[in-house]
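First residue of the sequence shown: 1, per full-length UniProt numbering; consecutive thereafter. The beta carbon of each residue, even a glycine, is placed where N, CA and C say it ideally should be. Heads up, the thing below is written out as structure tokens.
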Amino acid sequence: MSRPRILLSTSSFFRTVGLRRTDALIGQNYAEAVARVGGLPLLAPNLTPDLAEAYLEGADGLILTGGVDVDPELYGADPHPMLGLVDRARDLFEGALYKAARARGVPVLGICRGHQLINVVEGGTLHQHLPALPGTLQHEQLELGGAPSHRIRLEPGSALAAAFGAETVRCNSYHHQAVDRLGAGLRAVAWSGDGVVEALESASGSFVLGVQWHPEMSFEAFPEHLAPFEVFMAAVARTRSDAFAPQPSASEPDAAHLTS
């Protein structure tokens with residue numbers, strides 16, 4: 001069987017004059033992580049939401065990558081004074097990709113911004129600036145190279161805890177926003193020491209996993225950090241197996257009929 005085709009969302013970059021999108025990029029390490037766990041990475045430039053269904057027709061999995069802040073208008077909030085750059089067109093396109101993936105039962109992995117976007121699309125909200133909340137950790141780490149900077153606690157029995165084979169792990173941290181109220185059908189499965197949601201999963205239906213940290217930045221030095229990609233690819237493999245499983249012919253009697 002061929003390598004699973006994994007669709008990766010991209011960041012848009014603009015020239016300094018005008019608002020025309022000129023580049024659609026991802027970090028090379030996203031593609032390397034996907035290839036490491038057996039997938040074939042394919043890029044999805046930020047186009048119009050009506051193309052999302054067509055993109056998902058050829059995809060076995062979807063990864064929503066990191067990037068700029070999610071537009072707070074999408075979850076009914078006014079912009080915080082410390083809100084960073086937003087890209088509403090990207091928000092809407094990736095939201096359409098996510099909805100198309102869910103409708104088709106295609107597994108989804110969200111990383112950092114992607115984790116937050118999943119929550120927003122499902123009706124949840126975000127903390128717009130963690131440093132404004134009393135008692136929070138330093139979530140915009142100064143360490144270089146994606147090295148872990150703080151510990152998180154994993155929910156026992158969750159897919160993520162099973163993938164790591166542990167209930168606590170250390171992870172990196174490059175964000176100033178975070179999940180606040182959980183969206184419908186999602187459950188938190190990891191937290192930092194200050195209570196910030198570090199991972200979420202779908203409570204039912206097709207596979208969805210969101211992680212607040214950047215495992216693609218750290219898996220080379222810390223191989224255990226491939227765990228989110230591995231559990232995602234395991235879900236992709238199950239979905240593909242179901243799709244390729246032989247179906248009984250309409251002309252063949254079923255077992256219940258044979259024994260009646």
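Item: Going residue by residue through the region 56–128, where are the continuous beta strand (DSSP E) segments of at least 3 residues, counting only ones entirely within it?; Value: 61–64 and 108–111
Item: Under a Cβ-count criterion, where at least 16 other Cβ atoms within 10 Å of its own Cβ denotes burial, should residue 4 be classed as buried or exposed?; Value: buried
Item: Please name the residue in 194, 177 and 200 whose C-alpha comes closest to that of residue 183.; Value: 200
Item: Quick check: the Cα distance between residue 44 and residue 36, rounded to an integer number of angstroms?; Value: 20 Å
Item: Considering only residues of the same chain and omitting the five flanking positions on each side of residue 139, which have a CB-CB separation below 6 Å?; Value: 130, 173 and 175
Item: Is it buried or exposed, residue 23, if we count other Cβ atoms within 10 angstroms and call 16 or more buried?; Value: exposed
Item: Using CA atoms only, rank isn't needed, just tell me which of 33, 41, 104 and 1 is closest to residue 9.; Value: 41
Item: Could you check the C-alpha separation between residue 87 and residue 30 for me, to the nearest Å?; Value: 20 Å
Item: Return yes when the Cβ of residue 159 is within less than 9 Å of the Cβ of residue 231, no when it is not.; Value: yes
Item: For the region 148–214, which segments carrying the beta strand (DSSP E) assignment without a break, of at least 3 residues, lie completely within its bounds, in sequence order?; Value: 150–154, 168–171, 186–192, 197–202 and 208–211
Item: State buried or exposed for residue 259, treating a residue as buried only when at least 16 other CB atoms are found within 10 Å of its CB.; Value: Residue placement at residue 259 cannot be trusted, given a pLDDT of 40 that sits under 50; what the coordinates show is reported in the next sentence. The residue in question, residue 259, is exposed, as its Cβ has fewer than 16 Cβ neighbours within 10 Å.
Item: Measure the CB-CB distance between residue 39 and residue 113 and report whether it falls below 9 Å.; Value: no
Item: Per DSSP, what kind of secondary structure is residue 5 in: helix, strand or coil?; Value: strand
Item: For residue 120, which residues from the same chain have a beta carbon less than 6 Å from its beta carbon, with the 5 sequence-adjacent residues on both sides left out?; Value: 70, 74 and 75
Item: Buried or exposed: residue 58, going by 16 or more other Cβ atoms within 10 Å of its Cβ?; Value: exposed
Item: For residue 45, does the three-state DSSP call read helix, strand or coil?; Value: coil
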